[in-house]
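Read through the structure below, which is laid out as structure tokens, and then see the notes.
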Amino acid sequence: MTEISIKTSHLTKRFQGKPALVDVSLEIKRGERIALIGNNGSGKTTLLSLLNTLLRPSDGQAWIHGHDVVKNPNELRGLIGVMQHQPMLHTNFSPIEELNLFAKLYKVGDADLRIREVLKQVGLSKKVSARIGEFSRGQKQRLMIAKCLLNKPLVLLLDEPEIGLDANGLDLLDQLILKPDSQRQITVLSATHRTERINDWATGMIRVNDGKLVESVTY
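Going by our numbering, the sequence shown opens with residue 621, and the numbers climb by one from there.
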């Protein structure tokens, strides 16, 4: 039986009584790469934020690899890699300092070696001591890719990861994030407006509109 990587049941989120996500039930199997699409304000970011524990649901439940996102957040966070729509970085830190902080928080083994490894993968080896506040948007996105991969996650939850990346950056994103090693069976759920690129990397698509799941297909 194929393992279910992400599951939600009647997942709902309200802000001051106003629904942002309504009664969403879905299942994503391990190793699937799902594009999450919809207009601005449709509920994509809310869904991702519920799954990555930044938000708590108003109603319903969600699980990642069997871990309840509300009851078992600490266990869950070690399994996921997250890219927010806006880079969540300490602008007065260097990349080494930023990733060291994350490594301690998530108890990454052989942290120094792993940090050097991911910075090399994303092409920032020569920027290890630079101040993040001086980075371009594309360089910040590259650092977010490194941060996303640092703990060798089983599930990647991404919110518009293509923003700010040039052609080389998009190739890097595809190589490291959107088309991961099939042997590791990493699951990807990625919000995107770049619908012309979906067929290049996705194995399925979920569409949300006005906070509701309106379409779910597997290619």
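Note that beta-carbon positions come from the ideal geometry of N, C-alpha and C, so glycine has one too. Just so you know, these numbers come straight off a predicted model, no measurement behind them.
Distance between beta carbons of residue j and residue i, contact taken as under 8 Å
{"i": "Lys-626", "j": "Leu-671", "result": "The sequence shown places Ile at residue 626, not Lys. That belief holds up - the Cβ atoms of Ile-626 and Leu-671 are roughly 7 Å apart, short of 8 Å."}
{"i": "Asp-779", "j": "Met-703", "result": "6 Å"}
{"i": "Thr-632", "j": "Pro-677", "result": "6 Å"}
{"i": "Leu-696", "j": "Gly-831", "result": "About 23 Å; that fails the 8 Å criterion."}
{"i": "Gly-698", "j": "Leu-776", "result": "Actually they are not in contact, since the Cβ atoms of Gly-698 and Leu-776 sit about 14 Å apart, beyond 8 Å."}
Where residue i falls: helix, strand or coil (DSSP)
{"i": "Pro-693", "result": "helix"}
{"i": "Ala-640", "result": "strand"}
{"i": "Asn-660", "result": "coil"}
{"i": "Leu-647", "result": "Looking at the sequence provided, one finds Glu at residue 647 rather than Leu. Strand."}
{"i": "Leu-809", "result": "strand"}
{"i": "Met-764", "result": "helix"}
{"i": "Val-775", "result": "strand"}
{"i": "Ser-629", "result": "strand"}
{"i": "Gln-759", "result": "helix"}
{"i": "Phe-713", "result": "coil"}
{"i": "Ser-678", "result": "coil"}
{"i": "Thr-838", "result": "strand"}
{"i": "Asp-732", "result": "helix"}
{"i": "Asn-672", "result": "coil"}
{"i": "Val-748", "result": "coil"}
{"i": "Ile-783", "result": "coil"}
Endpoints, the alpha helix (DSSP H) within which residue i is located
{"i": "Ile-657", "result": "Ile-657 -> not in any alpha helix (DSSP H); beta strand (DSSP E) instead, spanning 653-657."}
{"i": "Asn-819", "result": "818-821"}
Other residues of its chain near residue i: CB distance less than 7 Å, five sequence neighbours each side excluded
{"i": "Arg-827", "result": "Ile-657, Gly-658, Val-834 and Glu-835"}
{"i": "Phe-722", "result": "Lys-767 and Leu-770"}
{"i": "Leu-785", "result": "Gly-758, Gln-761 and Leu-793"}
Close-in-space but distant-in-sequence residues of the same chain around residue i (CB under 8 Å, 5 per side omitted)
{"i": "Thr-666", "result": "Lys-633, Ala-640, Leu-641, Leu-675 and Gly-831"}
{"i": "Lys-866", "result": "With the chain represented from 621 up to 839, any question about residue 866 goes unanswered, as that position is not in the structure."}
Beta strand (DSSP E) segment containing residue i, residue limits
{"i": "Gly-824", "result": "824-829"}
6 Å CB neighbourhood of residue i in its chain, flanking five on each side removed
{"i": "Arg-680", "result": "Residue identity differs from the one stated: residue 680 is Gly in this sequence, not Arg. The residues are Ser-629, His-630, Leu-631 and Thr-632."}
{"i": "Ala-822", "result": "Arg-653 and Ala-655"}
Margin query: Pairs of beta-carbons, one from the stretch 746-755 and one from the stretch 703-721, closer than 8 Å: are there three or more?
Written below: yes
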